[in-house]
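Chains C and B, in that order, give the protein sequences. Letter by letter, the first sequence follows residues 1 to 153 of my numbering. Letter by letter, the second sequence follows residues 1001 to 1087 of my numbering. Ideal Cβ positions, reconstructed from N, Cα and C, are used throughout, including at glycine. Predicted model only: the values in this text are computed from it and were never measured. Everything on this sheet refers to the single structure shown next.
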Amino acid sequence: MKEHRRQILDMLSQGKISADEAERLITALDKSNGADSPVNGSPASAAKAKYLRVLVDSDNAGDPRQGPVKVNIRVPMQLLRAGVRLTGLIPPQARDHVNQALHERGIPFDLSQIKPDNLEELIDKLNELTIDVDVNNRKGHGDEKVKVRVFCE
Amino acid sequence: MIPLIGVVSVRRWPRSRSFRLWVPLFLLWLLMLPLMLLLLPVLFIVCLISQVNPFQAIATIWGILAGFRDTHIEIDNGEALVLVRIL
């Protein structure tokens, strides 16, 4: 385990990989290690997601005035938890209005059903979420390649 | 634990002129504390009118503030890099 980590750090120091790639490799290494030797009995609890990551990589080849755009966002899961708990602060009358509006738009969802237990389950499921989007846009002088990655770590 | 420090860093390429601003959020919380205490009765009245548990409201607001800790936003457009971190 330590040997693999050292190899990654060596590759980083030699400039073979970027800091972001090194971070991703170390996270993957930690995850695989957690899955091999679960601490609390279940591998899922061992590797509980702490952050939601959004990575956007665009080469912007279509617009020569702009360089490549890179976005790296890390949102703590704690913030998502607190955000969902905000629904508990919606006054009952307003909640009824929201539920009614959702039903009218064909979304059969009841906001009062969001409970802390459901929330934990939802966040646990987010752990397995990975969204990869690759887009090639024909724009201006060339093709613009955009890569979006959303995952939990 | 609520965030205590915010870091805003801006770096411009290729001159590599950069600045880094450390924002002492703990001072902001200290300064806002008297204001929050003054606003507490107002919050309670608003919560009672809207039939919301005021303690739950305070816990949620605290949770959101605490949730911002460890947030990391980095945007690089090839000419400049902007980094916002909340610690």
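Outcome for residue i when other beta-carbon atoms lying within 10 angstroms are tallied against a minimum of 16
i, result
"Val-1052(B)", "buried"
"Glu-3(C)", "exposed"
"Pro-76(C)", "buried"
"Ser-58(C)", "buried"
"Gly-1067(B)", "buried"
"Pro-1003(B)", "buried"
"Gln-78(C)", "buried"
"Ala-101(C)", "exposed"
"Ala-49(C)", "buried"
"Ile-1045(B)", "exposed"
Beta carbon proximity, residue i to chain B, threshold 7 Å
i, result
"Val-150(C)", "no"
"Gly-15(C)", "no"
"Val-146(C)", "no"
"Ala-19(C)", "no"
"Ile-114(C)", "no"
"Asn-72(C)", "yes"
"Val-69(C)", "yes"
"Gln-7(C)", "no"
8 Å Cβ shell around residue i - same chain, five flanking residues per side excluded
i, result
"Thr-27(C)", "Glu-153"
"Pro-1034(B)", "none"
"Ile-8(C)", "Ile-17, Ala-22, Leu-25, Ile-26, Leu-29"
"Asn-99(C)", "Phe-109, Asp-110, Leu-111, Ser-112"
6 Å Cβ shell around residue i - same chain, five flanking residues per side excluded
i, result
"Phe-151(C)", "Arg-53, Thr-130"
"Ile-1075(B)", "Val-1082"
"Ile-73(C)", "Val-54"
Identified DSSP bridge partners for residue i
i, result
"Ile-151(C)", "Just to set this straight, residue 151(C) is Phe in the shown sequence, not Ile. Phe-151(C) pairs with Arg-53(C), Thr-130(C)."
"Gly-236(C)", "This structure cannot speak to residue 236(C), because chain C is shown only from 1 to 153."
"Ala-1080(B)", "Arg-1012(B)"
"Asn-72(C)", "Leu-55(C), Glu-1074(B)"
"Phe-1044(B)", "None; Phe-1044(B) has no bridge partner."
Same chain, Cβ closer than 7 Å to residue i, five either side skipped, listed in chain order
i, result
"Trp-1022(B)", "Ile-1005, Val-1007"
> Going along the stretch 1038-1056 of chain B in order, which residues come within less than 7 Å of chain C, judged by CB to CB distance?
Replying inline: Listed in sequence order: Ser-1050, Gln-1051, Val-1052, Gln-1056.
>> By the 9 Å beta-carbon criterion, what residues does the stretch 1058-1079 of chain B contribute toward chain C?
In response: Residues Ala-1059, Thr-1060, Ile-1061, Trp-1062, Gly-1063, Ile-1064, Leu-1065, Ala-1066, Gly-1067, Phe-1068, Arg-1069, Asp-1070, Thr-1071, His-1072, Ile-1073, Glu-1074, Ile-1075, Asp-1076, Asn-1077, Gly-1078, Glu-1079.
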